[in-house]
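Student: My questions all concern the structure below.
Number of protein chains: 2
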Amino acid sequence: MRDSAQTTTLTIGKIARSAGVGVETIRFYEREKLLPEPARDPSSGYRRYTESTISRLQFIARAKELGFTLRETRELLDLRAGSATCGTLRSRAEEKLDDIRRRIQDLRRIEQALLTLSEACPGAGGLEACPILAALEGGFGDAG
Amino acid sequence: MRDSAQTTTLTIGKIARSAGVGVETIRFYEREKLLPEPARDPSSGYRRYTESTISRLQFIARAKELGFTLRETRELLDLRAGSATCGTLRSRAEEKLDDIRRRIQDLRRIEQALLTLSEACPGAGGLEACPILAALEGGFGDAG
DNA sequence: CTTGACTCTGTACCACGGTACAGGGTGTAG
DNA sequence: CTACACCCTGTACCGTGGTACAGAGTCAAG
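If you read the protein sequences in the order shown, they are chains S and C.
Position in the first sequence counted from 1, then plus 97, gives you our numbering.
Position in the second sequence counted from 1, then plus 97, gives you our numbering.
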């Protein structure tokens with residue numbers, strides 16, 4: 098890496114630190130096609146990145162925060178690169194929204210069931226009369 | 098299995114069907130200590146179960162429905178078998194309730210963010226002005 | 001010239017909750 | 001007696017999102 102035309106060569110370690118992810122994670126994303134194969138330094142074989150890879154890593158991180166899986170994130174990245182319309186993106190967002198809401202509903206049913214059981218439990222005494230155990234042993238009806 | 102003293106021997110396949118799980122799942126639970134090692138038919142080596150194993154499998158299924166992991170479920174089963182009090186059970190339920198509520202909160206933040214983005218998206222036109230893409234590319238503030 | 005930090009490839013491993021074989025033996029009905 | 005369903009053990013594999021090596025090469029500073 099003696100080519101000083103590039104004042105700062107973006108090695109994998111540098112973009113990892115910039116994007117706040119691990120080096121192994123970047124290589125993993127590359128294998129999983131979330132990142133394109135980067136240019137290589139011809140002499141060392143080291144990966145050479147541009148600033149855009151940092152943005153791409155941040156894109157991935159934000160998609161994760163929005164509940165998208167890596168597979169879905171890859172599709173979003175592909176959409177961005179291709180000839181998608183804004184409507185396609187909105188569809189993806191709405192599908193994910195539905196997904197999230199279903200998961201919230203599932204959790205809410207569980208929350209209600211647990212709340213009911215906790216409140217029914219005296220919290221003292223043996224297990225013979227414990228409503229939580231009774232529910233686990235014999236079912237607890239429909240909690241939704 | 099020629100011992101006809103037992104009119105119906107509960108083989109692994111039978112309790113699997115009764116409990117609505119797969120045969121492999123039962124052997125997996127046994128390895129994971131959720132089920133005790135059953136008696137064996139001396140001549141064939143086949144596992145021999147009693148009705149109580151079906152209840153135990155249903156216990157596991159209900160604990161799953163309440164959001165307990167297999168590890169936690171194993172602990173619940175151990176509590177049931179040991180000298181636990183009702184209060185211990187209630188604690189487990191309340192801890193799980195907190196866990197579930199945290200997960201709901203996380204999902205709600207995501208829901209809000211996705212909703213905001215979906216509503217902001219015109220749904221037509223190219224990607225240049227898509228707020229969803231903009232959010233993924235540049236962050237979307239705190240969505241909670 | 002050596003040392004230490006960095007990078008490379010390849011592979012194995014983690015949790016989670018199972019599922020799917022392969023290659024045997026067993027049990028029962030016709 | 002044969003066919004077929006069932007059971008056994010052991011091991012590998014699935015998806016999800018990485019993490020952790022080993023063993024080698026490279027780069028920059030002192």
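Beta carbons: idealized from backbone N, C-alpha and C, even for Gly.
This one's a predicted model, so the numbers in the text were calculated from it and none came from an experiment.
#1: Let me confirm a value: M98/S is counted as buried when at least 16 other C-beta atoms fall within 10 Å, else exposed. Which label applies?
#2: May I ask you to list, following chain order, the residues of the region 141-166 of chain C that have a beta carbon less than 7 Å from some beta carbon of chain S?
#3: If we count the other Cβ atoms within 10 Å of its Cβ and call it buried at 16 or more, is P228/S buried or exposed?
#4: Give me whichever residues DSSP pairs with Y146/S in a beta bridge.
#5: Determine the extent of the alpha helix (DSSP H) in which S215/S is found, giving its start and end residues.
#6: Under 8 Å Cβ-Cβ, which residues of chain S neighbour E172/C?
#7: Could you tell me whether the Cβ atoms of T150/S and P135/S are closer together than 8 Å?
#8: Around the C-beta of R137/S, are 16 or more other C-beta atoms found within 10 angstroms, so that it is buried, or is it exposed?
#9: For the alpha helix (DSSP H) containing T96/S, list its first residue and its last residue.
#10: Can you pull the chain C residues whose beta carbon is under 7 Å from the beta carbon of E191/S, in chain order?
#11: Using only alpha-carbon positions, find the residue among E191/C, S152/C and A178/C that is nearest to A113/C.
#12: Is A190/C buried or exposed, if buried means 16 or more other CB atoms sit within 10 Å of its CB?
Tutor: A quick look at the data gives this:
#1: Caution is warranted here: a pLDDT of 48 is assigned to M98/S, below 50, making its placement in the model unreliable, and the coordinate value is therefore given only provisionally. The residue is exposed, with fewer than 16 neighbouring Cβ atoms inside 10 Å.
#2: Using a CB distance below 7 Å, the part of the region 141-166 of chain C facing chain S consists of S152, F156, R159, A160, L163 and G164, ordered along the chain.
#3: Burial call: buried.
#4: Y146/S pairs with L107/S.
#5: Per DSSP, S215/S belongs to the alpha helix (DSSP H) from C183 to A217.
#6: Listed along chain S is no residue with a C-beta nearer than 8 Å to that of E172/C; the closest approach is about 12 Å.
#7: Taking 8 Å as the cut-off, the Cβ atoms of T150/S and P135/S count as close.
#8: Burial call: exposed.
#9: Limits of chain S in this structure are 98 at one end and 241 at the other, which puts residue 96/S out of reach.
#10: Counting only Cβ-Cβ distances below 7 Å, E191/S has contacts in chain C at S215, in chain order.
#11: Ranking E191/C, S152/C and A178/C by Cα distance to A113/C puts S152/C first.
#12: By the Cβ neighbour-count rule, A190/C is buried, with 16 or more other Cβ atoms within 10 Å of its own.
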